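**Q** Quick one: the structure is below, questions incoming.
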Amino acid sequence: KTMNGTCTIFICNKNTKPEWYCYLLILVSLFTSLAGFLGNILALRHYVYCMKTWTTNTIFLFNLALCDFTWTLMAPFSVYHSLQESAVYSSQAFYQIIRLFFSINIYGSVYFLTLISFDRYVGAVHPITSLMWWDKRKAVFCTTAVWIFIVIASMPQIYYTIAAGKQYDIIDPLDSTEGPLQLAVPFTVSKIVLRFLIPATVIFTCYMLTLKALLQLSKRQQRRNRLIRPLLLISAAMIVFAVSFIPYHVMMMVVLIYRIKCQLSCGNVSTLIAIYKVTEIICSINSCLDPIIFTVANKTFYQRANTIKCHLKCQCCCCLTGRV
1 KTMNGTCTIF
11 ICNKNTKPEW
21 YCYLLILVSL
31 FTSLAGFLGN
41 ILALRHYVYC
51 MKTWTTNTIF
61 LFNLALCDFT
71 WTLMAPFSVY
81 HSLQESAVYS
91 SQAFYQIIRL
101 FFSINIYGSV
111 YFLTLISFDR
121 YVGAVHPITS
131 LMWWDKRKAV
141 FCTTAVWIFI
151 VIASMPQIYY
161 TIAAGKQYDI
171 IDPLDSTEGP
181 LQLAVPFTVS
191 KIVLRFLIPA
201 TVIFTCYMLT
211 LKALLQLSKR
221 QQRRNRLIRP
231 LLLISAAMIV
241 FAVSFIPYHV
251 MMMVVLIYRI
261 KCQLSCGNVS
271 TLIAIYKVTE
281 IICSINSCLD
291 PIIFTVANKT
301 FYQRANTIKC
311 HLKCQCCCCL
321 TGRV
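Residue numbering for the sequence shown follows UniProt numbering, beginning at 1 and increasing consecutively.
Quick look at the structure:
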């Protein structure tokens with residue numbers, strides 16, 4: 001439920017007829033929970049039981065999987081709460097916890113993707129000099145700093161939840177689509193800058209410089225096959241970031257701009273919030289897309305893929321020559 005002045009809009013409430021995006025919410029959330037749970041639990045299992053030598057890259061990938069795994073555990077509860085009566089205030093505290101986990105997942109995914117892009121840049125552009133100043137200890141330090149930053153960055157949300165929720169009687173104070181503008185504007189702008197603009201700039205800059213260095217190396221050494229894995233990793237990370245986070249943060253800014261400059265009718269508010277909720281669903285898909293990055297970055301995956309490929313070729317040759 002959201003409120004905008006005298007407008008009260010119910011979203012996916014069992015007292016009203018469910019809209020189309022309510023069914024989309026349920027289907028995508030169930031798929032995200034299942035696929036994300038399986039993908040991230042397999043990734044965590046590989047790192048815990050199969051990883052013999054940890055590198056800077058695997059440290060970041062492990063924390064990315066850990067961050068996504070925690071959200072897949074909370075996603076079903078988010079769907080359940082969305083279908084309950086919005087008037088039941090006794091469950092609002094639990095709902096706010098769910099929203100905080102969602103925010104932590106976004107911060108964690110974005111910043112660990114940023115660290116992965118920086119690690120790829122260091123390894124490709126400065127492979128020799130980086131040995132003197134970039135190692136596993138620095139990676140652990142950066143990982144710890146990210147988790148501390150996530151906690152600190154969540155503090156404004158906690159304050160916004162308490163201040164806006166109590167003072168202005170807002171149902172969902174963690175949402176930038178409602179609440180007083182004097183709180184919503186700095187809250188939303190800070191989220192867009194910290195969670196999107198700064199990380200996006202770092203990620204795309206690092207990957208463009210990495211791609212440039214790899215192409216120059218390929219021209220000098222004439223070994224284009226060695227470019228396949230790094231290029232796949234770069235492409236996977238950029239696609240995951242673009243698909244998951246760009247629509248959500250763009251729509252967040254659109255809603256805020258409309259609230260500042262336009263006097264919207266209840267129907268327009270409902271349409272905007274519906275689109276905003278859909279982009280929020282898309283944003284949560286990152287928890288099941290991130291294991292793709294793990295798969296692309298995993299050397300064991302390529303070794304097994306080549307083994308299967310060679311095995312199939314051998315079987316094909318044996319069939320053609322008449323041998324069993």
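For glycine and all other residues, C-beta sits at the position ideal for the given N, C-alpha and C. As the structure is a computational prediction, the values presented were derived from the model and not from experiment.
(1) Which whole-angstrom value is the C-beta distance of S117 and A237, which I expect to be below 8 Å?
(2) Within 8 Å, do at least three Cβ pairs link the region 210-218 to the region 276-291?
(3) Tell me which residues share the same chain as G39 and place their Cβ nearer than 7 Å to its Cβ, disregarding the 5 neighbours each side in the sequence.
(4) Measure the alpha-carbon distance for I59 versus A139 and round it to whole angstroms.
(5) Does the Cβ of M251 have 16 or more other Cβ atoms within 10 Å, making it buried, or fewer, making it exposed?
(6) To the nearest angstrom, how far is it from the Cα of N63 to the Cα of Y258?
(7) From this set, I26, T143, V255, which residue's C-alpha is nearest T56's C-alpha?
(8) A43 and F241 look like a contact to me (Cβ under 8 Å); what is the Cβ gap, rounded to whole Å?
(9) Rounded to whole angstroms, what is the Cα-Cα separation between W147 and I275?
(10) Helix, strand or coil: which one does DSSP assign to K136?
(11) Write down every uninterrupted run of the alpha helix (DSSP H) in the region 9-75 whose length is 4 residues or greater and which is fully enclosed by it, in chain order.
(12) So is I104 in contact with chain D if we call contact Cβ pairs under 9 Å?
(13) To the nearest whole angstrom, what separates the beta carbons of L231 and A184, a pair I think is in contact under 8 Å?
(14) If you reduce the DSSP assignment to three classes, tell me which class I128 lands in.
(15) By alpha-carbon positions, which one of T279, P156, A35, I41 ends up nearest to V189?
**A** Reading off the structure:
(1) 6 Å
(2) no
(3) C288, P291
(4) 7 Å
(5) buried
(6) 37 Å
(7) T143
(8) In fact, because the Cβ distance is near 18 Å, the residues do not count as touching under 8 Å.
(9) 30 Å
(10) helix
(11) 20-45
(12) The structure shown contains no chain D; it is built from a single protein chain.
(13) Not a contact, Cβ separation roughly 41 Å.
(14) coil
(15) P156
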